[in-house]
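Okay, structure first, notes after.
2 protein chains.
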Amino acid sequence: MLAEQGPAALSARRLVTAVGASTMAVYTHFGSMPALVREVIREGFERFHARALAMERSADPVAELAGLCRVYQEFARAEPEVYAVMFGDSVLAGFELDEEDRKMGAVVLRAPRDAIRRCAAAGRFRADADADLLVRQLFASMHGIAQLTRAGYIMGDHTPHQVLVGTLVDFAVAAGDGADAARASVAAALTDA
Amino acid sequence: MLAEQGPAALSARRLVTAVGASTMAVYTHFGSMPALVREVIREGFERFHARALAMERSADPVAELAGLCRVYQEFARAEPEVYAVMFGDSVLAGFELDEEDRKMGAVVLRAPRDAIRRCAAAGRFRADADADLLVRQLFASMHGIAQLTRAGYIMGDHTPHQVLVGTLVDFAVAAGDGADAARASVAAALTDA
DNA sequence: CGCAGAAGCATAACGCTGTTATTGGCCATA
DNA sequence: TATGGCCAATAACAGCGTTATGCTTCTGCG
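Same order as they appear, the protein sequences are chains L and P.
Residues in the first sequence are numbered from 564 upward in steps of one, following the numbering used here.
Residues in the second sequence are numbered from 564 upward in steps of one, following the numbering used here.
Put into structure tokens, the structure is as follows:
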């Protein structure tokens with residue numbers, strides 16, 4: 564219901580009438596509406612993780628990093644409402660992220676951080692690159708692109724896809740990669756869709 | 564009320580009792596609660612604009628660009644709830660951005676876009692830099708940092724400030740600036756606070 | 001096999017939300 | 001002064017999350 568009809572449609576009464584039960588069903592099984600929302604985003608994190616794991620590996624670590632970012636954007640576009648709740652926007656039915664939720668969310672950074680390290684090990688990125696810091700910068704960019712796209716703020720002459728490509732290429736270049744090599748790797752990871 | 568007590572506290576009844584009136588006041592003066600929220604974010608855009616205009620100019624265009632991003636982050640931290648509604652997160656009382664709102668929001672990109680052009684004109688950025696595309700990439704990064712910080716997602720060993728500094732330096736480097744020059748300009752724009 | 005216990009759900013209600021029709025009062029103008 | 005129109009207070013409606021009550025049903029033990 565959250566994915567198909569938006570946050571406003573996710574009410575206890577609509578839920579229970581949809582499954583043919585009474586409002587008590589929510590409270591016996593979940594305790595409260597915020598707790599129910601928490602289960603929804605837990606499911607969202609699992610789906611996110613499954614998508615990331617399903618991505619095929621590549622011999623090109625920069626392309627693999629770009630591929631992870633592509634998966635990120637695809638998930639955010641596929642279920643924008645779920646994504647928004649998962650990462651702290653749109654307080655839904657009084658739900659607020661707790662520390663454990665955030666830790667689950669931070670797990671998504673592990674794969675790209677390792678990819679960044681492989682980029683450095685392969686000589687594409689500088690050897691002294693701070694993978695922990697870089698992955699946070701990339702995280703912020705990906706989140707910004709996802710949320711601004713959802714809000715309709717990526718407008719004018721450039722599409723969200725162009726912004727994504729530019730961001731990924733510039734990220735690799737700033738990390739030490741060659742401009743042509745970065746462009747080729749990003750293009751290889753993003754164009755087959 | 565939105566700024567001080569959060570989105571949940573901004574209800575029609577709380578508003579009117581705070582000013583000593585009845586619920587009708589909202590509807591005679593604004594028409595609906597979403598329309599009232601619209602006026603709130605309009606005010607937010609004006610405050611944002613005033614902050615950007617109040618920033619002193621600099622002879623160093625890269626430092627000026629970094630200063631604009633610093634103002635951006637300061638605004639987002641000063642009034643996070645207002646900021647979140649302005650840029651499309653947290654649907655508040657059924658309010659949704661319309662095209663005109665988004666255009667007001669996109670105006671904030673004008674100053675940094677011009678700063679990027681000055682960077683190119685001064686030889687710091689590549690002469691063929693696409694300022695329109697670059698400013699959107701920067702916009703996404705700034706929005707991501709602001710929102711992830713608000714949600715508590717910038718954790719671990721790095722602070723939001725470090726992520727901001729890294730992002731700005733890497734942005735300048737990818738645009739063509741020298742690494743040392745970029746670091747110096749960003750540091751000059753961000754450290755006096 | 002039968003009874004006791006517990007677990008789960010439906011009903012109804014409380015206080016809250018945004019919204020509105022009705023009613024009354026105030027103020028400005030002729 | 002009288003009259004017109006604007007404005008707001010009151011009360012109500014539908015919907016929200018939540019909960020106390022009571023009934024039903026299912027489980028497990030003697």
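Backbone N, C-alpha and C fix where the C-beta goes; we use that ideal spot for every residue, glycine too.
- By the rule that beta-carbons nearer than 8 Å mark a contact, SER653 (chain P) touches chain L.
- Only residues of its own chain outside the window of five on either side were considered, and among them VAL732 have a CB closer than 8 Å to the CB of ARG746 (chain L), listed in chain order.
- When the Cα atoms are used, GLU644 (chain L) and GLY569 (chain L) turn out to be separated by approximately 6 Å.
- Restricting attention to L:LEU573, L:GLU637, L:MET649, the CA atom closest to the CA of GLU606 (chain L) is found in L:MET649.
- Nearest in C-alpha terms to PHE734 (chain P), of all of P:ILE717, P:ALA690, P:ILE679, is P:ILE679.
- Contact between PHE658 (chain L) and VAL600 (chain L) holds, since their C-beta atoms are separated by about 4 Å, short of 8 Å.
- Contact between HIS706 (chain L) and GLN710 (chain P) is confirmed by a C-beta separation of about 6 Å, below the 8 Å threshold.
- Within a 10 Å sphere around the beta-carbon of GLY668 (chain L) sit 16 or more other beta-carbons, which makes this residue buried.
- Residue environment: ALA684 (chain L) is assigned as exposed (fewer than 16 neighbouring CB atoms within 10 Å of its CB, all protein chains considered).
- Under the rule that a run must span 4 or more residues, the alpha helix (DSSP H) segments found entirely inside the region 575-658 of chain P read 575-581, 587-592, 596-617, 624-641, 643-649.
- Between LEU660 (chain P) and ALA714 (chain L), the CB-CB gap stays under 8 Å.
- With a contact defined as Cβ atoms closer than 8 Å, ALA615 (chain L) and VAL671 (chain L) qualify at about 7 Å.
- Residue-level contact by beta carbon fails for THR754 (chain L) and chain P, as no gap is shorter than 8 Å.
- The beta carbon of LEU711 (chain P) falls within 8 Å of a beta carbon belonging to chain L, placing the residue at that interface.
- Across the structure, ALA613 (chain P) and ARG633 (chain P) are spaced so that their CA atoms are roughly 14 Å apart.
- Annotation: GLY729 (chain P) to LYS666 (chain P) spans about 29 Å, alpha carbon to alpha carbon.
- Assignment of THR722 (chain L) by DSSP, reduced to helix, strand and coil, places it in the coil class.
- In the DSSP assignment, ALA566 (chain P) falls within the alpha helix (DSSP H) that extends over 565-568.
- Close to VAL726 (chain P), with beta-carbon spacing below 9 Å, are these residues of chain L in chain order: LEU696, ARG699, GLN700, PHE702, ALA703.
- When C-beta distances to chain P are compared with 8 Å, the residues of the region 667-690 of chain L below that value are GLY668, ALA669, in chain order.
- Counted as a single uninterrupted DSSP element, the alpha helix (DSSP H) harbouring ILE708 (chain L) occupies residues 694-714.
- With contacts defined by Cβ atoms closer than 8 Å, ILE708 (chain L) and VAL726 (chain L) form a contacting pair.
- In the DSSP annotation of this structure, the continuous segment of the alpha helix (DSSP H) that includes GLY668 (chain P) starts and ends at 662-669.
- Setting aside the 5 residues that flank it on each side, ARG681 (chain L) is surrounded in the same chain by PRO624, each with a C-beta closer than 6 Å to its C-beta; the list follows chain order.
- The criterion of a C-beta distance shorter than 8 Å is not satisfied by GLY719 (chain P) and ASP677 (chain L).
- Annotation for LEU753 (chain L): the continuous alpha helix (DSSP H) segment containing it runs 742-753.
- When DSSP states are grouped into helix, strand and coil, GLY686 (chain P) belongs to the coil group.
- Sequence-distant Cβ neighbours of MET618 (chain L) in its own chain, meaning closer than 7 Å and more than five residues away, are GLY630, LEU631, VAL634.
- Close partners of PHE650 (chain P) in chain L (Cβ separation under 8 Å): GLN710, LEU711, ALA714, TYR716.
- With distances taken between CA atoms, ALA572 (chain P) lies nearest to P:ALA656 out of P:ALA656, P:HIS721, P:PHE608.
- In the three-state scheme derived from DSSP, where H, G and I count as helix and E and B as strand, ILE717 (chain L) is classed as coil.
- In terms of Cα proximity to TYR716 (chain L), the closest of P:VAL749, P:ALA744, P:ASP652, P:SER748 is P:ASP652.
- Residue state for LEU731 (chain P) is assigned as helix, using DSSP reduced to three classes.
- Taking C-beta atoms under 8 Å as the contact rule, LEU578 (chain P) and MET564 (chain P) qualify, at a distance of about 7 Å.
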